[in-house]
Amino acid sequence: MRAARAVGSFFTALRSGGWTHHNGHHTVLVPESVPPVPPKIGLALGGGFARGIAHVGVLEVLEQSGIPIHCITGVSAGSIAAAAYASGATPEEIARAGCAMRFGDVARWTLCRTGFVVSERMARFLVRLLKCCRFEEMRTPLGVLATDLASGRPVAFHGAGDVVLPIRASCSYPGLFQPVRYEEGLLVDGAMSMEIPAALARQLGATRVISVHLPTPARERAPGNVFEVVNRCFQILQTRTEDAWRRDSDLVISPDVSDIDWNGFGCGPRMIEAGRVAALAALPQIQSWFPTPVRAVMPARELA
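Residue numbers for the sequence shown, in our numbering: 6 to 309.
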C-alpha cells in the first residue's frame with residue numbers, strides 16, 4: 006500500500022509540474038507553483054472621424070500608467086491613431102497632429118460617380134505623422150481593417166506591407182469618399198463590416214482586448230441632407246451588429262464625445278480629456294488583470 010501511494014504521488018506531481026526535493030534518506034515530490042502569466046493587452050480603436058482624437062486621451066493614460074500594449078488595431082479614424090502609436094509617435098505628437106488637422110488636410114472635393122471626396126492628401130498627412138510606413142517596421146504589432154465593397158466582408162491588414170493604402174481604405178466612408186482600389190477590388194470604411202476590430206486584436210495574439218467605442222452624436226432632428234441620411238443609416242446598422250465586437254472585448258471604454266459632430270476638429274482638447282476620463286475610470290479593472298502591480302511611468306497625481 007505504501008508503494009502504491011508513492012507511485013500515485015509521483016504521477017500526481019508530474020501532472021502538476023512538481024519538482025524533486027531530497028529530505029534526508031527520502032525523496033519527496035513537492036508541487037511547484039506556476040507563476041501567473043501577465044495578459045497580452047490588445048487595444049482596438051473604433052472610428053468616428055474627428056472624434057477619433059479622443060483615442061489620444063486613452064493612449065496617454067495607458068502609457069503613463071505603465072500598461073503594456075501587446076498589439077493595437079483600428080478602423081477608420083481609429084486606424085490613424087493606432088498606426089501612429091504603433092509606429093512610435095507619442096500621444097503628445099498624435100494630439101498635436103489631431104488638434105491641428107482639418108478636413109482639407111486629408112481630403113479633396115471632386116466630382117465622381119463613386120464619391121465626392123478623394124483621399125490622396127491623406128497619404129501626405131500620414132507620411133508626416135507616422136514614424137514608419139510599413140507593418141513589419143512597427144514598434145507595436147498593428148492591424149488595420151477595411152471592408153471589401155463587393156463581398157461586404159472585412160479585409161484585415163497586418164504583418165507586412167505598406168500601411169498607407171489600408172488606412173486610406175479604412176477611412177473611405179461610403180457615399181462621401183471614393184473607394185480605394187486594392188488588387189482586383191474596391192475597399193471602403195472598415196467600420197462598415199466591423200465597427201471595432203476586437204477580433205483582429207485577438208488574431209494578433211491579445212489575451213485581453215480593450216475596445217474604445219466613440220458614441221455617435223444623438224440626433225433629435227431629422228437629417229437635413231443626403232450625407233446626414235447616409236450617416237444615420239450606417240449608425241442604425243452598426244447598432245445592430247454591436248454584439249459581435251463586444252463578444253471579443255474584455256473591456257469597453259466609451260469616451261463621452263456624443264455631443265461632438267463628425268468634423269468637430271476644433272473640440273480636440275475636450276475630446277482628449279474625455280478619453281482620459283474614460284480610461285482613468287477603467288484603469289482599476291485593467292490593473293486587476295496583472296498578477297503583480299504595473300509600474301506607472303509618471304506619478305499618479307500627474308494623471309489627474
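All C-beta atoms in this analysis are idealised placements derived from N, C-alpha and C, irrespective of residue type, glycine included.
Computed from a predicted model, the values in this text were never measured in an experiment.
DSSP places A49 in the uninterrupted beta strand (DSSP E) bounded by 46-50. When secondary structure is reduced to three states using DSSP, S216 falls in the strand class. Bridge partners of Y187 according to DSSP: G190.
Three or more beta-carbon pairs separated by less than 8 Å are not found between the segment 128-136 and the segment 70-79, which leaves the two stretches without contact.
If you check the CB distance, M276 and A59 come in under 9 Å. An exposed status is given to S156, since fewer than 16 other beta-carbon atoms sit within 10 Å of its beta-carbon. In this structure the segment 251-262 touches the segment 191-205; the number of beta carbon pairs closer than 8 Å is three or more.
Here DSSP, grouped into helix, strand and coil, assigns D153 to strand. Our two residues, S81 and K45, have alpha carbons roughly 24 Å apart in a direct line. The beta carbons of C104 and P274 sit about 7 Å from each other, so the pair counts as a contact at 8 Å.
Per DSSP, I258 is one residue of the beta strand (DSSP E) stretching across 256-258. Here A279 carries a helix assignment [DSSP, helix/strand/coil]. By the beta-carbon neighbour count (other beta carbons within 10 angstroms, threshold 16), G190 is exposed.
Taking C-alpha positions only, L219 is separated from T297 by approximately 31 Å.
In this structure, the beta-carbon distance from A211 to C76 falls below 9 Å. For C137, no beta strand (DSSP E) segment is defined, and its DSSP state is neither H nor E. About 3 Å separates the CB atoms of A87 and G79; that is less than 8 Å, so the two are in contact. Excluding its 5 nearest sequence neighbours in each direction, Q243 has C-beta neighbours in its own chain below 6 Å: E200, listed in chain order. Distance between L154 and E188, taken at the CA atoms: about 13 Å. Per DSSP, A86 is one residue of the alpha helix (DSSP H) stretching across 82-92.
DSSP places P96 inside the alpha helix (DSSP H), whose first and last residues are 96-105. Judged by DSSP in its simplified three-state form, V169 adopts helix. Per the coordinates, the alpha-carbon of C176 lies some 16 Å from the alpha-carbon of F270. Per DSSP, the unbroken beta strand (DSSP E) holding G79 starts and ends at 76-79. For L147, the pairing in a beta bridge is given by DSSP as I77. In the structure shown, A161 adopts extended strand secondary structure according to DSSP, grouped into three states. For the options C272, A287, A284, I291, the alpha carbon positioned closest to that of R101 is the one of C272. As the crow flies, the alpha-carbon of E142 is around 30 Å from that of L285. Taking the C-beta atoms as reference points, R173 is found no nearer than 9 Å to V160.
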